[in-house]
Each structure stands twice: as structure tokens, then as C-alpha cells.
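Novice: My questions all concern the structure below.
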Amino acid sequence: MSRVQANLLLLIAGAIWGAGFIAQSTAMETLGPIWFIGLRFAIATLVAVPFALVEKKRAATPVRSGDRIGFLFTGFALFLAAISQQVGLLTTSVTNSGFLTGLYVVFTPILTVFVLRKRPHWIIWPAAAMSTAGIFLLSGGAFSALTTGDLLTILCALLWSVQMISVGAFAGRSGRPMALSVVQFAVCALLGCTVAAVLEPVSLAAVKGALPEILYAGFFSSGLAFICQNVAQRYTTAPQAAIFLSSEALFAALFGVLLLGESISPAGYAGCAIIFVAMLATELVPELLKDKARAAAAA
């Protein structure tokens, strides 16, 4: 695969995730948010199982018990992130959700300081300040105007960061990323369906009404898009991958306007732009400076 093809595949993944916000939003017209999560991840589990079986046959050693516990923890973090995002969509727009979820790009390095005791690159601090300013503008110029859904989505971004740090730790240590995917998806499916059975009424008609969204989110957003990412990142650079994957927020805004008729104020668009720049700066500036240092050393 050429780099151009790989970057196109990453752009497709970003578009799939962006459209996924639409599916998540419209599904709740007939189905409760927790049932949607449980059923979505049940589909995702089925999608990931064949890949995990192939991976198991090729693995030299079995998964250690410590890694299994890590897989379960990762699944629990993913479940909490998915819940906060899904419930947040009840009272925030698809556009806001797409950009606020993207704050995990800024939160992840900050959490790394406290969890892994690693000093972040200096760009993290101005990026965090920019993100705060972007949220301020997105809220209409007053933090008090942030909806409950906006706050839940910011919490979701924080939880996504926990999940990403866990994936980095346990997928790398175990060498079994597909096994990790199956376990975390299965944990979300089991917890989602169990909690929903207690808290949310459901009917066959409600499930049928949301079936297209369930299938899209389960097969495409949680299955195909992650596979596209895993394949494509073997043939392109990390900075380019970051650019194309962060297009998720832009696609969420685009589909929100085109399909749901959403609109935001000029200040809100400025806030979206600032958040997007902060996300890109977090990923690109360290790599650009690293390349510059290498070039200077070679000269």
C-alpha cells in the first residue's frame, strides 16, 4: 500500500467515525442510550472475533493473567467513555460532541504525566489553554451555557484518554491487540445490556427502529474503522495519521449540518477551529521539532 492510499484509508476511518455521531444521535429517537451501547458493542465483538482467532493461532505465547486483568480494565474504561458520550448526545449537538470528544488528544498527554510519570512536551500546555478557549467560544461565550451533554462529553474525552493509555500499555505488552479488542468490546456489550435491562424499558419495535444505527455503529464505527486505522498506520507517518484521523470532528460537524440541520454561531465555529488547531498542534509540533533536530544533527 502506498502512503497516499494509506492516508486515504485513514480519511475514510475519520469519515466513518464522524458519521457515527449521527447514528448515535438518531438511534435514541426509539432506543435508550444504554441499550444502544450494549447492542452496538455486541455487534463489534462479533466483528472482532475472527481477527482475534487468527491472531491467537499466530501467537507464540498465551495471554498472561495480568494482561487479562488489563484487558478487562480497558473494557470498563471504554464502557464509561461510551456511556458518557451517548447520554451526552441527548442534550448536546452532534457538532459539539464531535469536537469535544476530540479533546482526548490533549487530555491523553496530560494524564500520562500523572499515570506514567512522563513529562509532556511543552506544546501540551498552550494546547490545553487553546482547548479551554475553544470550549468557551463553543458554549456561546459563557461556561454557564454549557449543557449537561457538553459536560458529559468532556468527561467522555477524559475517559477516552484513560482507555487509550490502557490500550497502549496492555496491547503493547501482550502483543495481542485483537484479543484486547474482543475483550473490551465484550465487556461493553455485557455491562451495557445488563445495566440497560435494569434501567431502561425496551421493546422489539424499539430495537428494530434503531437497527440501522446499531449495525452501522457496531460494524463500521467500532469494527471496520479500527481495522482501517490498524492497517493504514503501517504505511504512513504518525503525524499524517493524526491529521487524517482527527478529521473525525470535522466530518461530525459536516454531517450534523447536512443530515440533521444543525447550526452553530460564528463564535462557535471559531471555537471548533481553535479546538481543532489544538488537537493538531499536540500531535504535529513534537514530531516537526524532532525532525528539525535530526536534520540539524545530520548537518
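In our numbering, the protein residues as written are 57 to 355. All C-beta atoms in this analysis are idealised placements derived from N, C-alpha and C, irrespective of residue type, glycine included.
#1: Could you check the C-alpha separation between A354 and L344 for me, to the nearest Å?
#2: Return the Cβ separation of P176 and T168 in integer angstroms, given the expectation that the two are a contact with Cβ distance under 8 Å.
#3: Name the two residues that bound the continuous alpha helix (DSSP H) containing V119.
#4: Out of A337, I166, Y160, C249, state which residue places its alpha-carbon closest to the alpha-carbon of T209.
#5: Where L214 and F163 are concerned, what is the direct C-alpha to C-alpha distance, given to the nearest angstrom?
#6: Determine contact between the segment 235–250 and the segment 101–120, defined as no fewer than three beta-carbon pairs at a distance below 8 Å.
#7: Let me know the alpha helix (DSSP H) ranges lying completely inside the segment 270–328, each 4 residues or longer, listed in chain order.
#8: Kindly indicate which residue of W91, A349, W73 has the alpha-carbon position closest to the one of L255.
#9: I'd like to check one pair, V263 with L87: are the Cβ atoms closer than 8 Å?
#10: Helix, strand or coil for M57? Go by DSSP, reduced to three states.
#11: Is the segment 317–324 close to the segment 122–139, with three or more CB pairs under 8 Å?
#12: Alpha carbon to alpha carbon, how far is R120 from V105?
#13: Should T130 and Q219 be called a contact, given that it needs their Cβ atoms to be closer than 8 Å?
#14: At the level of alpha carbons, what is the spacing between A333 and A116?
#15: Drop a sphere of 10 angstroms on the beta-carbon of W216, count the other beta-carbons inside from all chains shown, and report buried for 16 or more, exposed for fewer.
#16: Name the residue from A62, A69, R173, R114 whose alpha carbon lies nearest to the alpha carbon of S277.
#17: What is the C-beta distance between L432 and Q80, in whole angstroms, given that I count them as a contact (C-beta under 8 Å)?
#18: Kindly list the residues whose CB is nearer than 8 Å to the CB of F311, restricted to its own chain and excluding five residues on each side of it in sequence; keep chain order.
#19: Return the first residue and the last residue of the alpha helix (DSSP H) that P89 is part of.
#20: Should F300 go down as buried or exposed, given a rule of 16 or more other Cβ atoms within 10 Å for buried?
#21: So, at 6 Å on beta carbons, what are the nonlocal neighbours of L66 in its own chain, with the 5 sequence-adjacent residues on each side left out?
#22: Could you give the residue range of the alpha helix (DSSP H) that holds P165?
#23: Taking a contact to mean a Cβ-Cβ separation below 8 Å, would you say A83 touches E269 in this structure?
#24: If I follow the unbroken alpha helix (DSSP H) through A253, where does it start and stop?
#25: Pick from K113, S237, A261, S222: whose alpha carbon is nearest that of G274?
#26: Classify G266 as helix, strand or coil using the three-state DSSP reduction.
#27: Let me confirm a value: V143 is counted as buried when at least 16 other C-beta atoms fall within 10 Å, else exposed. Which label applies?
#28: With distance defined between alpha-carbon atoms, name the residue in M57, I93, F97, E85 nearest to L280.
#29: Do you know whose CA, among P233, A329, L340, K113, lies nearest F155's CA?
#30: Measure the alpha-carbon distance for Q285 versus L64 and round it to whole angstroms.
Specialist: In terms of the structure at hand:
#1: In the sequence shown, the residue the question calls residue 354 occupies position 298. In the sequence shown, the residue the question calls residue 344 occupies position 288. Their backbone Cα atoms lie some 15 Å apart in a straight line.
#2: Within the sequence shown, the letter at position 120 stands for residue 176. Within the sequence shown, the letter at position 112 stands for residue 168. About 6 Å; that satisfies the 8 Å criterion.
#3: If you number the sequence shown from 1, residue 119 lands on position 63. That residue, V119, is in no alpha helix (DSSP H); it is neither H nor E in DSSP.
#4: For the purposes of this step, residue 209 is taken as the residue at position 153 of the sequence shown. With distances taken between Cα atoms, T209 lies closest to Y160.
#5: Taking the first residue of the sequence shown as 1, we reach residue 214 at position 158. Taking the first residue of the sequence shown as 1, we reach residue 163 at position 107. About 6 Å.
#6: yes
#7: 281–288, 294–301, 303–316
#8: The residue labelled residue 255 in the question sits at position 199 within the sequence shown. The candidate whose alpha carbon is nearest that of L255 is W91.
#9: Taking the sequence shown and counting its residues from 1, one reaches residue 87 at position 31. Taking the sequence shown and counting its residues from 1, one reaches residue 263 at position 207. In this structure, V263 lies closer than 8 Å to L87 by Cβ.
#10: Mapped onto the sequence shown, residue 57 falls at position 1. The answer is coil: DSSP assigns M57 none of H, G, I, E or B.
#11: no
#12: As a first step, residue 120 must be located in the sequence shown, where it is residue number 64. As a first step, residue 105 must be located in the sequence shown, where it is residue number 49. So the two alpha carbons sit approximately 19 Å from each other.
#13: Position 74 of the sequence shown, counting from 1, holds the residue named residue 130. Position 163 of the sequence shown, counting from 1, holds the residue named residue 219. Result yes, Cβ atoms of T130 and Q219 sit closer than 8 Å.
#14: Start at 1 with the first residue of the sequence shown, and residue 333 comes out as number 277. Start at 1 with the first residue of the sequence shown, and residue 116 comes out as number 60. Looking at the sequence itself, residue 333 is Val, so the reference to Ala does not match. Distance between the alpha carbons of V333 and A116 is about 43 Å.
#15: For the purposes of this step, residue 216 is taken as residue 160 along the sequence shown, with counting starting at 1. With 16 or more other Cβ atoms within 10 Å, it is buried.
#16: In the sequence shown, residue 277 corresponds to position 221, counting from 1. Checking every option, the nearest Cα to that of S277 belongs to A69.
#17: Because the chain here runs from 57 to 355, residue 432 falls outside it and cannot be looked at.
#18: Translated into the one-based positions of the sequence shown, residue 311 becomes position 255. Only G74, A75, F77, I78, V150 meet the Cβ criterion.
#19: As a first step, residue 89 must be located in the sequence shown, where it is residue number 33. P89 -> alpha helix (DSSP H) spans 89–114.
#20: Mapped onto the sequence shown, residue 300 falls at position 244. Burial call: buried.
#21: Your numbering for residue 66 matches position 10 in the sequence shown. So the list reads A288, A297, F300, L301, once near-sequence residues are dropped.
#22: For the purposes of this step, residue 165 is identified with residue 109 of the sequence shown, where counting begins at 1. Note, P165: alpha helix (DSSP H), 160–172.
#23: Position 27 of the sequence shown, counting from 1, holds the residue named residue 83. Position 213 of the sequence shown, counting from 1, holds the residue named residue 269. Yes.
#24: Here residue 253 refers to the residue found at position 197 of the sequence shown. First-last of the alpha helix (DSSP H) with A253: 233–255.
#25: The residue given as residue 274 occupies position 218 in the sequence shown. Nearest of K113, S237, A261, S222 to G274, Cα basis: S237.
#26: Sequence index remark: in the sequence shown, residue 266 carries index 210 (1-based). According to the sequence shown, residue 266 is Ala rather than Gly. A266: coil per DSSP, three-state reduction.
#27: For the purposes of this step, residue 143 is taken as the residue at position 87 of the sequence shown. Classification of V143: buried, given that the 10 Å Cβ count is 16 or more.
#28: As a first step, residue 280 must be located in the sequence shown, where it is residue number 224. It is F97 whose Cα lies nearest to the Cα of L280.
#29: Working through the sequence shown from its first residue, we reach residue 155 at position 99. F155 has its Cα closest to that of A329, out of P233, A329, L340, K113.
#30: On the sequence shown, residue 285 is found 229 positions in, with the first residue counted as 1. On the sequence shown, residue 64 is found 8 positions in, with the first residue counted as 1. If you take the alpha carbons of Q285 and L64, they lie about 11 Å apart.
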